[in-house]
Amino acid sequence: MFIHTHRRRSPRSRGPIDDGSVSELYLFDQAPAAMLIVDLLNWRIARANRAAAVLLGYTSDHLAGMRAGLLFTVDTTQLKRLLAGTDGSTREVSVIRGDGTPGLLWLSSTKVTRVGLNEAMVALNAPLCDPGFRQQLDLADFKEFAAGLPQGVYEMDTRFILTFINRAALVMFGLTVEDVNQGICVVDWLVPEQREEVIAVLSGSLNGIRTPRHDWLARRKDGSTFPVMIYATPIVQHGRIVGNRGLVIDISELKQSQEALETANRKLNLLSRVTRHDIQNQVTSLLGYLTLVEESVGDPGQISHLKKGRTAAEAIGRQIAFARDYQEIGVNAPEWQHLGTVLARARTGWTSGDVAITIEDADLQVYADPMLEKIFSNLIDNALRYGGSITRIRFSAAVTDAGCQILCADDGQGVPEDQKELIFLEGVGHHTGFGLFLAREILQLTGITIAETGTFGEGAVFTISVPDGGYRTTVQEL
């Protein structure tokens, strides 16, 4: 399919297009169809509109004055016949793009005879099968789309120099088009303290390493700073990385909201801690008095009632301990944690000569709540408490197409099939004041799941599944 565009002159319009009205020139330059005006006397391109320049990979000024034979790699006689539009047909022709690569285009030409000039209006369109030209058109569409986005969008080359920036980013950083045309290094957007990290991340992206979202402190032209969230991806052309494209979001309001929530949480947590402490003190006093009364009462019926009171008081104590642990969930922001280091710390408090606790293939990072270590410690406690005669607890990690899986496996008796979900219910396993219920709740904060997947009689296996984007290797961190 092609777009054939010709120019209908009004009776009032006179003279060549170069001497025409400003509106005519504007319509030609801004037309969505790729068009050229070719002088049929010297076979040179007299004018190229913006769409043609984008499609061919040149600037309009570069195309103006170029010999048609340098652009279209067609036999001279055939090319002149096509450009003259003598048969009015549309033909596929070979061209040389601005970057030197060959391509195919549909060409249609209409002869325009005017006083003193002999010209042809040439319409061009890219075949859908030509990925090179589709890429040029896609790039133009992207920039047109990005121009209207409320978030900042940028493109840079392999030297970190800006090659494109939309209006939102200009306003965000207090820049002008003239500033960008003079050459701006993306790294200069960020505060000096973070530039080393920025260079490492952007260099990794240019080497094809996938990088997650990053929160940095940006700097405006006037020197003021503000927090930004940046998503970046490599720009690939003709099979090679030629730069980086990113989305920049001003998260100042988000940070202010987070700080307000953190302040409110601190106040609520303080009130909760004081209240729990007071209740726990009263429960401790109550248990002490119950003990004294039990020792002084000889009536079996009264002793039975006192024991029930003790049971109730102890339940209150456990609930207070549970509330303490549950309150800690989500208080601190998730962070990247080296899995091997976290497992090693969790293992330290449980080292036993009777049970070997091993760690394998754990050289990666996981994005999780800071209480991750406590989760692994709880899994060790769970195995030692309920596994029976176990001799080994093994932690390991493996990356698959579905994401990352972290395994905690022992050689004990395992978990019966009908209890694999029950063990994660609230109120089960509170010996440590923690339990698998809280472990699941904490992991779910960052989209991580946990399930018991072992075979009863062969040992318990807890499978922790980390979604794509929630883990990274040590190399990806650099």
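Going by full-length UniProt numbering, the sequence shown opens with residue 1, and the numbers climb by one from there. Where is the CB? At the ideal position from N, CA and C, for every residue including glycine. Quantities reported herein were computed from a predicted structural model and do not represent experimental measurements.
key: Under the three-state DSSP convention, the category Ile249 falls into   = DSSP places Ile249 in strand when its eight states are reduced to three.
task = Could you tell me the distance, in whole angstroms, from the CA atom of Asp99 to the CA atom of Tyr58?
result = Distance between Asp99 and Tyr58, taken at the CA atoms: about 8 Å.
query = Along the chain, which unbroken stretches of the beta strand (DSSP E) at least 3 residues long are found entirely within the UniProt domain "PAS" (138-209)?
reply = Uninterrupted beta strand (DSSP E) stretches at least 3 residues long and entirely within the UniProt domain "PAS" (138-209) occur at 152-157 and 162-165, given in chain order.
ask   = For Met121, which residues does DSSP report across the bridge?
value = According to DSSP, Met121 bridges with Ile37 and Thr110.
inquiry  = Short of 7 Å in beta carbon distance, which residues of its chain neighbour Lys80, apart from the five on each side in sequence? Order them along the chain.
reply    = Contacts found: Trp43.
ask   = Assuming Glu452 and Ile423 make a contact with CB atoms under 8 Å, what is their CB distance in whole Å?
value = Confirmed, about 7 Å.
6 Å CB neighbourhood of Arg219 in its chain, flanking five on each side removed = Taking Arg219 as the centre and dropping the five residues before and after it, the same chain places the C-beta of Val191 and Thr225 closer than 6 Å to its C-beta, in chain order.
message = Cutting at 7 Å between CB atoms, please list the residues of its own chain near Lys111, excluding the five before and the five after it.
response = Sequence-distant partners of Lys111 (beyond 5 residues in either direction) whose C-beta falls short of 7 Å from its own C-beta, in its chain, are Ala84, Gly85 and Ala120.
query = Hey, is the stretch 256-269 in contact with the stretch 281-295, meaning 3+ C-beta pairs nearer than 8 Å?
reply = Verdict: no, contact absent.
task = Within 10 angstroms of the Cβ of Phe145, are there 16 or more other Cβ atoms? Answer buried if so, exposed if not.
result = Per the 10 Å Cβ criterion, exposed.
request  = Please state whether DSSP places Val74 in a helix, a strand or coil.
outcome  = Looking at Val74 - three-state DSSP - the assignment turns out to be coil, as it is neither helix nor strand.
request  = Evaluate the contact criterion for the stretch 387-400 versus the stretch 436-453: three or more CB pairs, one atom per stretch, below 8 Å.
outcome  = No contact exists between the stretch 387-400 and the stretch 436-453.
key: Endpoints, the beta strand (DSSP E) within which Arg67 is located   = Following the DSSP letters along the chain, one finds Arg67 in no beta strand (DSSP E), marked with neither H nor E.
query = Any idea if Tyr289 is buried or exposed, counting beta-carbon neighbours within 10 angstroms, 16 or more meaning buried?
reply = So Tyr289 counts as exposed.
request  = Sort Asn181, Gly457 and Ala68 by Cα distance to Thr409 and report the nearest one.
outcome  = Note that residue 409 is Ala in the sequence shown here, rather than Thr. When the alpha-carbon of Ala409 is set against those of Asn181, Gly457 and Ala68, the nearest one is in Gly457.
task = Might you give, ordered along the chain, the residues of its own chain that have their beta carbon closer than 8 Å to the beta carbon of Asp354, omitting 5 neighbours on each side?
result = Cβ neighbours of Asp354 beyond the five flanking positions: Thr391.
ask   = Quick one: is Arg159 buried, meaning 16 or more other Cβ sit within 10 Å of its Cβ, or exposed?
value = With fewer than 16 other Cβ atoms within 10 Å, it is exposed.
DSSP beta-bridge partners of Tyr26 = According to DSSP, which records beta bridges pairwise, Tyr26 is partnered with nothing at all.
ask   = Count the other CB atoms within 10 Å of the CB of residue 484; is the residue buried (16 or more) or exposed (fewer)?
value = A question about residue 484 goes unanswered here, because the residues of the chain that appear run from 1 up to 478.
request  = Quick one: give me the first and last residue of the beta strand (DSSP E) that Ser465 is part of.
outcome  = Looking at the DSSP string, the run of the beta strand (DSSP E) that includes Ser465 is Val461 to Val466.
ask   = What's the C-alpha gap between residue 485 and Leu443?
value = Because the chain spans 1 through 478 in this model, residue 485 falls outside it and cannot be assessed.
request  = Determine the contact status of Ala48 and Asp39, defining contact as a CB-CB distance below 8 Å.
outcome  = No, the pair does not count as a contact, with Cβ atoms beyond the cut-off.
Simplified DSSP assignment, three categories, for Gly447 = Correct three-state label for Gly447: coil.
task = Please report the residue range of the beta strand (DSSP E) in which residue 479 lies.
result = The structure shown does not extend to residue 479, since the chain spans only 1 to 478, so no value can be given for it.
task = Give me the Cβ distance between Ser60 and Leu82, rounded to the nearest whole Å; I'm assuming they're in contact under 8 Å.
result = Incorrect: roughly 22 Å between the Cβ atoms, too far for contact.
ask   = Just reading off the beta strand (DSSP E) that Pro227 is part of, what are its end residues?
value = Annotation: the continuous beta strand (DSSP E) that includes Pro227 extends over Thr225 to Gln237.
inquiry  = Any contact between the stretch 229-236 and the stretch 197-215? By contact I mean 3 or more CB pairs, one from each, below 8 Å.
reply    = Segments in contact, yes.
request  = Within the same chain, show all residues whose beta-carbon is closer than 7 Å to that of Glu294, passing over the 5 residues directly before and after it, in chain order.
outcome  = So the list reads Ile303 and Leu306, once near-sequence residues are dropped.
task = Whole angstroms is fine: what's the gap from Phe462's alpha carbon to Gly454's?
result = Distance between the alpha carbons of Phe462 and Gly454: 7 Å.
request  = Identify whether Glu328 lies in helix, strand or coil by the three-state DSSP scheme.
outcome  = Three-state result, Glu328: coil.
query = How many whole angstroms separate the CB atoms of Arg276 and Ile320, which I take to be in contact at a CB cut-off of 8 Å?
reply = Between Ile320 and Arg276 the Cβ distance is about 5 Å, and since that is below 8 Å, they are a contact.
message = Assuming contact is defined by CB atoms lying nearer than 8 Å, are Leu71 and Ile37 in contact in what I supplied?
response = Cβ atoms of Leu71 and Ile37: not closer than 8 Å.
query = Closest to Leu271 by CA distance: which of Glu253, Ala323, Ser257 and Glu259 is it?
reply = That would be Ala323, whose Cα lies nearest to the Cα of Leu271.
inquiry  = Let me make sure I understand the geometry here. Which of Ile251, Gly174, Met35 and Met229 has the alpha-carbon closest to that of Ala123?
reply    = Checking every option, the nearest Cα to that of Ala123 belongs to Met35.
Residue from Ile464, Ile359, Ala460 and Glu314 with nearest C-alpha to Thr291 = Checked all of Ile464, Ile359, Ala460 and Glu314; the closest Cα to Thr291 is Glu314.
message = Taking 8 Å as the threshold (beta carbon to beta carbon), is Lys308 in contact with chain C?
response = Protein chain content of the structure displayed is limited to a single chain, and chain C is not contained in it.
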